[in-house]
């Protein structure tokens, strides 16, 4: 099992003190990590007939 949290880069105190920014580009660049992410997102819906998917877009990063 892949530790997905270890593939996400944390930038402390960005953009200001007390706020941590989590950069997922390190996860996106890791093929095994990305596959594990997709698998974990789809697992709850195995065997369910999905008819509609809604995608959320934030700053040009989208998941659907």
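Residue numbers (my numbering): 8 to 71.
Glycine included, C-beta positions come from ideal geometry on N, C-alpha and C.
| query | result |
| --- | --- |
| Quick check on the burial criterion: 16 or more other C-beta atoms within 10 angstroms. Buried or exposed for residue 58? | exposed |
| Please classify residue 50: does DSSP put it in a helix, a strand, or coil? | helix |
| From residue 31 to residue 53, what does the alpha carbon distance come to, in whole angstroms? | 25 Å |
| State the CB to CB distance for the pair residue 9 and residue 39, rounded to an integer number of angstroms; the pair is presumed to be in contact (CB under 8 Å). | 6 Å |
| Can residue 34 and residue 41 be called in contact, C-beta distance under 8 Å? | yes |
| Quick one: Cα of residue 43 to Cα of residue 24, how far? | 32 Å |
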